[in-house]
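**Q**
Residue numbers (the numbering used here): 79 to 241.
1. Using the beta-carbon count (16 or more within 10 Å), is residue 125 buried or exposed?
2. Under 8 Å between the Cβ atoms of residue 208 and residue 199?
3. With DSSP collapsed to three states, give me the class of residue 227.
4. Any idea if residue 204 is buried or exposed, counting beta-carbon neighbours within 10 angstroms, 16 or more meaning buried?
5. Within the same chain, show all residues whose beta-carbon is closer than 7 Å to that of residue 237, passing over the 5 residues directly before and after it, in chain order.
6. Count the C-beta pairs between the stretch 217-228 and the stretch 161-171 that are closer than 8 Å, then say yes if the count reaches three, no if not.
7. For residue 181 and residue 228, what's the separation of their Cα atoms in angstroms?
8. Tell me whether residue 201 is buried or exposed, calling it buried when 16 or more other Cβ atoms sit within 10 Å of its Cβ.
9. Cβ atoms of residue 186 and residue 135: under 8 Å apart, would you say?
10. In terms of DSSP beta bridges, what is residue 129 paired with?
11. Considering only DSSP beta bridges, list what residue 114 is partnered with.
12. Among 188, 192 and 99, whose alpha-carbon lies nearest the alpha-carbon of residue 235?
13. Mind checking whether residue 241 and residue 150 have CB atoms under 8 Å apart?
14. Taking the beta carbon of residue 175 as the centre, do at least 16 other beta carbons fall within 10 Å, making it buried, or is it exposed?
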């Protein structure tokens, strides 16, 4: 087959190396961080919030997506770690936000989740306090971003682009 290009769908070693180098380049030049956070509701319609030992205010549970971990795996892990929460239904992805308060490259996936708590979450080095709250009786120290997300959720949107 002289003069003709044959594409059998396979990538040769040279092309694999080039593709890998491009992936490394994009990771370094356009890298971003990704986190998950969830509005977790129990059967009574109360929302679960946490107060960290290292940050002021009350937050919805969440955290970073680690290398080699899916967003779903990260969400399940963070809910388990921060609240002993078990998802009782599939999570609903509501929005993807750019979180400029963390960095110019931080993104947060925001979910709505029905949960059941498997055991009380006792305070430790990371979580000072946690609990379920009616939406009409939130703690005074709920962070502004958490309040914005809850307002968006209660109104059915529109959802902002920035966290």
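Note that beta-carbon positions come from the ideal geometry of N, C-alpha and C, so glycine has one too. Keep in mind the model is a prediction, meaning the values are calculated, not measured.
**A** Short version:
1. Reading the chain shown from its first residue, position 47 is the one you call residue 125. Per the 10 Å Cβ criterion, buried.
2. Translated into positions along the chain shown, residue 208 becomes position 130. Translated into positions along the chain shown, residue 199 becomes position 121. Yes, Cβ-Cβ distance for residue 208 and residue 199 is below 8 Å.
3. In the chain shown, counting from the first residue as 1, residue 227 sits at position 149. DSSP places residue 227 in helix when its eight states are reduced to three.
4. Counting from one through the chain shown, the residue named residue 204 turns up at place 126. That one is exposed.
5. Counted from its first residue, the chain shown places residue 237 at position 159. So the list reads 172, 173 and 230, once near-sequence residues are dropped.
6. no
7. To locate residue 181, count along the chain shown from 1; it is residue 103. To locate residue 228, count along the chain shown from 1; it is residue 150. Roughly 23 Å between the two C-alpha positions.
8. As a first step, residue 201 is located in the chain shown; it is residue number 123 there, counting from the start. That one is exposed.
9. Taking the first residue of the chain shown as position 1, residue 135 is located at position 57. Taking the first residue of the chain shown as position 1, residue 186 is located at position 108. Taking 8 Å as the Cβ cut-off, residue 135 and residue 186 do not qualify as a contacting pair.
10. Counting from one through the chain shown, the residue named residue 129 turns up at place 51. DSSP, once it has assigned bridges, lists 136 and 207 as partnering residue 129.
11. Here residue 114 refers to the residue found at position 36 of the chain shown. DSSP output for residue 114 lists 141 and 187 as bridge partner(s).
12. As a working mapping, residue 235 is identified with position 157 in the chain shown. Cα-wise, what sits closest to residue 235 is 188.
13. The residue given as residue 241 occupies position 163 in the chain shown. The residue given as residue 150 occupies position 72 in the chain shown. Going by C-beta atoms, residue 241 is not nearer than 8 Å to residue 150.
14. In the chain shown, residue 175 corresponds to position 97, counting from 1. Under this definition residue 175 is a buried residue.
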